[in-house]
Amino acid sequence: MAEYSVIGTSLAKVDAPERVTGKATYGADLDLPGMLWAKLVRSPHAHARIKHIDTSRAKALPGVKAVITAHDLPSLPKGATAPLVGEVSIDMSAIREIVMASDKVRYHGQVVAAVAATDPFIAEEAAGLVDVDYEPLPVVEDVLQAMQPDAPLVHEDLHTLEEATQERSDQPSNVSTHMVYTRGDVEAGFTVADAVVEKTYTTQMVHQGYLEPQACAARVEPNGRVTLWTSAQGHFTVRTQLVTLLGLPASQLKVVPMEIGGGFGGKALALFEPTAIVLAQKTSRPVKLVVSREEVLRATGPGAPAVITVKAGATKDGKITALTTTMRYDAGAFPGSPVARGLLVGLAPYKLDNMVAEGFDVLTNKPRVQAYRAPGGTPAAFAVEALMDALADEIGVDPLTFRQKNAAEEGDTLPLGMPLNRIGLTEMLKQIETHPCWTTPLEGPHRGRGLALGYWIGGSFTSSAEVKINPDATASIFVGTVDLTGTRTTISQMVADELQLDPQDITITVGDTDSAPFADLSGGSRITYTMSAAAHQASQDVLTQLKERAAEKLKVSVDEVEYQAKRFRAKNDTRNEVSLSELARESVAWGSGPIIGKGSTTRMQPAHAYAAHVADVEIDPETGKVTILRYTCFQDVGKAINPTQVEGQIQGGAVQGIGWALNEEYIFDNGELKNASLLDYRCPVALDLPMIETVLTEVPASEGPYGLRGVGEVPIVPPGAALANAIYRATGTRLYELPMNPERIFWATRGNGTNGSPGTNGSGGA
Amino acid sequence: MSKEKEGLSVDAFEYAAPQNLQDAVALLAEASDEARPLAGGTDLITQMKENRHSPALVVDVKKIPELNVLSYEAGLHIGAAVSCTQIAEFEPVRVHYPALAEACALIGSYQIQNRATLGGNFCNAAPSADAVPPAVSYGATLVIAGPGGRREIPSEDFFVGPGQTVLEKGEVLVEIVLPPPPPHSGAAYLRFIPREEMDIAVAGVGSFVQLSPDTRTCEQARIVLAAVAPTPVRAKEAEAFLAGQSLDDTTIAQAGELASQAASPISDVRGSAAYRIELVKVLTRRTLGKALERAKGEAS
Chain A
502 MAEYSVIGTS
512 LAKVDAPERV
522 TGKATYGADL
532 DLPGMLWAKL
542 VRSPHAHARI
552 KHIDTSRAKA
562 LPGVKAVITA
572 HDLPSLPKGA
582 TAPLVGEVSI
592 DMSAIREIVM
602 ASDKVRYHGQ
612 VVAAVAATDP
622 FIAEEAAGLV
632 DVDYEPLPVV
642 EDVLQAMQPD
652 APLVHEDLHT
662 LEEATQERSD
672 QPSNVSTHMV
682 YTRGDVEAGF
692 TVADAVVEKT
702 YTTQMVHQGY
712 LEPQACAARV
722 EPNGRVTLWT
732 SAQGHFTVRT
742 QLVTLLGLPA
752 SQLKVVPMEI
762 GGGFGGKALA
772 LFEPTAIVLA
782 QKTSRPVKLV
792 VSREEVLRAT
802 GPGAPAVITV
812 KAGATKDGKI
822 TALTTTMRYD
832 AGAFPGSPVA
842 RGLLVGLAPY
852 KLDNMVAEGF
862 DVLTNKPRVQ
872 AYRAPGGTPA
882 AFAVEALMDA
892 LADEIGVDPL
902 TFRQKNAAEE
912 GDTLPLGMPL
922 NRIGLTEMLK
932 QIETHPCWTT
942 PLEGPHRGRG
952 LALGYWIGGS
962 FTSSAEVKIN
972 PDATASIFVG
982 TVDLTGTRTT
992 ISQMVADELQ
1002 LDPQDITITV
1012 GDTDSAPFAD
1022 LSGGSRITYT
1032 MSAAAHQASQ
1042 DVLTQLKERA
1052 AEKLKVSVDE
1062 VEYQAKRFRA
1072 KNDTRNEVSL
1082 SELARESVAW
1092 GSGPIIGKGS
1102 TTRMQPAHAY
1112 AAHVADVEID
1122 PETGKVTILR
1132 YTCFQDVGKA
1142 INPTQVEGQI
1152 QGGAVQGIGW
1162 ALNEEYIFDN
1172 GELKNASLLD
1182 YRCPVALDLP
1192 MIETVLTEVP
1202 ASEGPYGLRG
1212 VGEVPIVPPG
1222 AALANAIYRA
1232 TGTRLYELPM
1242 NPERIFWATR
1252 GNGTNGSPGT
1262 NGSGGA
Chain B
1076 MSKEKEGLSV
1086 DAFEYAAPQN
1096 LQDAVALLAE
1106 ASDEARPLAG
1116 GTDLITQMKE
1126 NRHSPALVVD
1136 VKKIPELNVL
1146 SYEAGLHIGA
1156 AVSCTQIAEF
1166 EPVRVHYPAL
1176 AEACALIGSY
1186 QIQNRATLGG
1196 NFCNAAPSAD
1206 AVPPAVSYGA
1216 TLVIAGPGGR
1226 REIPSEDFFV
1236 GPGQTVLEKG
1246 EVLVEIVLPP
1256 PPPHSGAAYL
1266 RFIPREEMDI
1276 AVAGVGSFVQ
1286 LSPDTRTCEQ
1296 ARIVLAAVAP
1306 TPVRAKEAEA
1316 FLAGQSLDDT
1326 TIAQAGELAS
1336 QAASPISDVR
1346 GSAAYRIELV
1356 KVLTRRTLGK
1366 ALERAKGEAS
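Chains as they are written, first to last, in my numbering: chain A, 502 to 1267; chain B, 1076 to 1375.
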């Protein structure tokens, strides 16, 4: 592989100065002349029919310029879809209901109306004056209850889709999709097993925890076109959805990406933008919509909870002989939980000859879930990795050896059918064997060590880049991918190495939908991976064009031109040369023409990412509180373009997973969220965490110019089971339900509580 | 969505910042609608944003000299507008009332501690107030000024219910007075939270012990529980049990059991009632142990 001078170094983030000086402009920073403020009216019921909405009192309030309900949104045929990424489509008639409910509210906090007023205080007051007449309906909150035949129906006309046959059930149901993947003969597999363990695991609804509440602003331009500013994960994706939702041609919409304060999957859908645009159209004034922290927690769309049963058998020598799992994922009020991803993530680390993987997408009267970092992966890995730990225990094989004996390898087939290309799971597990986090004895009472694996299928989809050479021999990169994780920096590093430029001589801009080359949204750990191909291609395009010009000047054929140290030389006469500076200067002179390189990629192979986490914990036996003593993340990253950013991604993902494992949960009462604040929705704070150590494995991915893999998502996958397994070794008690908060551990270690049996006495924070 | 939980705007209100106590009392006494004193504002402003209070008049008491007193002479005098940071960093507090210093240093964050006051911690009357149990356990007296003059009450008699105190219309908390700690005494405060900071107590216990001159027996104990009853409460049965006892693991454990009987917690998003009872036992044991060490001069 080529030697690089910028790739592989921890270049400081190119956007750091504007971020740390407060100059970066986020959606909420927008202040447009004549701007109105929008406020959403939300349902106080988790399930109710909307009988009537009276907006007259709100409209009469001085300063109010418009009040809209779902009737003011363009109507949409049921089942209308829009592409999200790749082959994944979203049901836009459902999105329309989340934007604004038409006939029925299906979760507490669902939007039913919106107002626009001359200041935010009037808007808030007016929102309180919108009178909605509701007929409350019975609420179904629990995923298992929702699957019962007599459960209240979230959608009266929804019939279960059997994925294999594409047939719908006769009776309406809260199960929107049922899927089964099978391989081999599980009965035979269990028969030859020396031990079989079966358990059911439960996780709660959690929030992505992005710091920036959603914000957007819309303005109708004099020519009738709409400009939309938004802090979203993909402005082209937002535009695509708006085309369907609002019936506007793409050419009539310009979507401008603002800096984004975290998304983690929660800012992929156009849930607020349609309201801002319709209000702007109604009032002929710019309208800004910023939601509150409480709205963010209550109703923007959290991560999906699940109830997962896993049964696995193994022989005494540590080989898995059969595995069955049933994963029931709670989608909230509209179909679309990440259950298929859960099945994939949970089982992907293992060779499974005999397997049945069954999934249910289940509806409840809770906010419709949105993606959350490795969507579906964290609950699945909690269940599977905790069960694998118990199975290894049962047959007396240590948990690392057990993983090594069953680890998936290149050529194995993933549970949902795809063959694995090059992966580094075996190499990564080998590194754990000798690492001090695994070999150092853990002494002292109430202490334990846990190991768990994680997997994420890297996304690919479409990314593009343009690279221009400036007259001063510097380069400008232009992309359409929103920077969530430092991708402006990593893309700049790649182009710097390809063009042999100093990173200081490179600028990068994320452009709007009118000007930037198309890109799918930022998510799926896909940007650095796919952009490596697009930026490489664009850089090569630039070099080719420059070499053609150099060849002309040097009077040699293009093949004979080589580029080194900002000079183009004839290979057989290195004194015959022309500088990049000269070619750059001439590129803007008359008769020469600019140098613009283009690159784009779509349909790259997945670059599978595997991780393993090792956690040491100490439990306060009198209170049940967990202290994490040491936490180490192993991950196959393919190639770390920027090691500091990679480590930051791993640490951030691990911390979110730790939050999911120990304290974060949505606590509902008849569908109403009881802890809609960052006080009582307990994300980890700095003092709750040890230094998160990272150990990088670099087994190159099968595709892409540098062998890198997406790194952002897989680190959120293992923490639940890594900590559960550690807590077991510290206490002798296995926990089957997240979060493993102090109260849940307290009761579980005393043999009572909700552990493994939801609904019994002593629930943590009930 | 309920109006009381939305948090953006506060209703319009009048603001006054009197320079002396008489003016403050007069403003509060003569207000026709709800009037509230403002010290650090860390509770009041939030409650106004959440529409839990909509005072027509807010009287800022931070400019009143008597409410800014912080002195140690014949006991500790803490003006009601003195910040938690000032209290926690005041040398005599660190030396003579370490449990109070510790409590003042764990409320919220540094930013909150720079604004929040011990007076406000009392007047807000949250059952979970962290600085109240140590103050009460040290035997604090509260000085109150009102239209009828001044009165002093034992700090534990100040609370009526969640958010409710004995303050009458026009009355202002002036200062909190802690007696000089007797010889061979010590105190400690601990709260339990699921995280390490930025949280509200699931349960809290402040314990104070005074030992006999030979330090063999407990002459007097005060145990104050937080977040497990409508108000901070003293565990008087446990206190009575400890008087005259030698403090060892057995008596301390018994005191924990007795203290838990004084708790009447609710179940909410922060913990179940049953768990809070268990936490009271643990925290009582741990605070008594620490207080005992301090009383014997074995711990700072």
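All C-beta atoms, glycine included, are put in the ideal place defined by N, C-alpha and C.
As the structure is a computational prediction, the values presented were derived from the model and not from experiment.
DSSP places residue 1171/A outside both helix and strand once states are collapsed to three, so it counts as coil. Contact check for residue 998/A against residue 975/A fails: the beta carbons are separated by 8 Å or more.
One finds nothing in chain A with a Cβ atom closer than 8 Å to the Cβ of residue 1090/B; even the nearest lies about 17 Å away.
In this structure residue 701/A does not touch residue 880/A by the C-beta definition: roughly 12 Å separates them, more than the 8 Å allowed.
Rounded to whole angstroms, the Cβ separation of residue 1217/A and residue 1228/A is 19 Å, and the two are not in contact under 8 Å.
The three-state secondary structure of residue 667/A, taken from DSSP, is coil. In the DSSP assignment, residue 1193/B falls within the unbroken alpha helix (DSSP H) covering 1193 to 1199.
Between the beta-carbon of residue 745/A and that of residue 581/A there is about 6 Å, and that keeps the pair under the 8 Å contact cut. In the DSSP assignment, residue 632/A is bridged to 555/A. The alpha carbon of residue 675/A has as its nearest neighbour, out of 1215/A, 1170/A, 642/A, 984/A, the alpha carbon of 642/A. For the pair residue 844/A and residue 682/A, the CB atoms are nearer than the 8 Å cut-off. In the pairwise beta carbon analysis, the segment 601 to 609 of chain A is classified as touching the segment 537 to 552 of chain A: at least three pairs are separated by under 8 Å.
Fewer than three beta-carbon pairs drawn from the segment 1180 to 1190 of chain A and the segment 1105 to 1117 of chain A are found closer than 8 Å, and the two stretches are therefore not classed as touching.
Distance from the CA of residue 1153/A to the CA of residue 1354/B, rounded to the nearest whole angstrom, comes to 32 Å. In chain order, 1200, 1241, 1306 place their CB closer than 8 Å to the CB of residue 1235/B, counting only its own chain and leaving out the 5 sequence neighbours on each side. Interface with chain A (8 Å Cβ-Cβ cutoff): residue 1195/B is excluded. The contact set of residue 1339/B on chain A, defined by CB atoms closer than 7 Å, is empty, because the minimum CB distance reaches about 18 Å. Chain B places no beta carbon closer than 8 Å to that of residue 1220/A, leaving this residue out of the contacts. DSSP, read as helix, strand or coil, puts residue 1184/A in coil. The distance from the Cβ of residue 760/A to that of residue 526/A is about 6 Å, consistent with a contact at the 8 Å cut-off. Beta bridge pairing from DSSP links residue 1128/A with 1119/A. Following the DSSP letters along the chain, one finds residue 1069/A inside the beta strand (DSSP E) bounded by residues 1068 to 1071.
Under a criterion of Cβ atoms nearer than 7 Å, no residue of chain B is adjacent to residue 783/A; the nearest Cβ is some 22 Å distant.
In the assembly as shown, residue 1059/A is an exposed residue. Its beta-carbon has fewer than 16 other beta-carbons within 10 Å. With respect to residue 1320/B, residue 1290/B sits apart: the two C-beta atoms are not nearer than 8 Å. Under the DSSP assignment, residue 1097/A falls in the beta strand (DSSP E) whose first and last residues are 1097 to 1102. Non-local C-beta neighbours of residue 1104/B in its own chain, meaning closer than 7 Å and more than five positions away in sequence, comprise 1222, 1244, 1245, ordered along the chain. Close CB contacts of residue 1186/B within its chain, under the 8 Å cut and outside five residues either way in sequence, are absent. Beta-bridge annotation (DSSP): residue 717/A is paired with 731/A, 790/A. With a threshold of 16 other beta carbon atoms within 10 Å, residue 538/A meets it and is buried. Following the DSSP letters along the chain, one finds residue 1112/B in no alpha helix (DSSP H) but inside the beta strand (DSSP E) bounded by residues 1110 to 1113.
Here residue 1193/A is bridged, per DSSP, to 1132/A. At a cut-off of 8 Å between beta-carbon atoms, residue 1275/B makes contact with chain A.
In this structure, the beta-carbon distance from residue 718/A to residue 743/A does not fall below 8 Å. Among the residues facing chain A, residue 1190/B is not included, as its CB has no counterpart in that chain under 8 Å away. C-alpha of residue 678/A to C-alpha of residue 1031/A: approximately 31 Å in a straight line.
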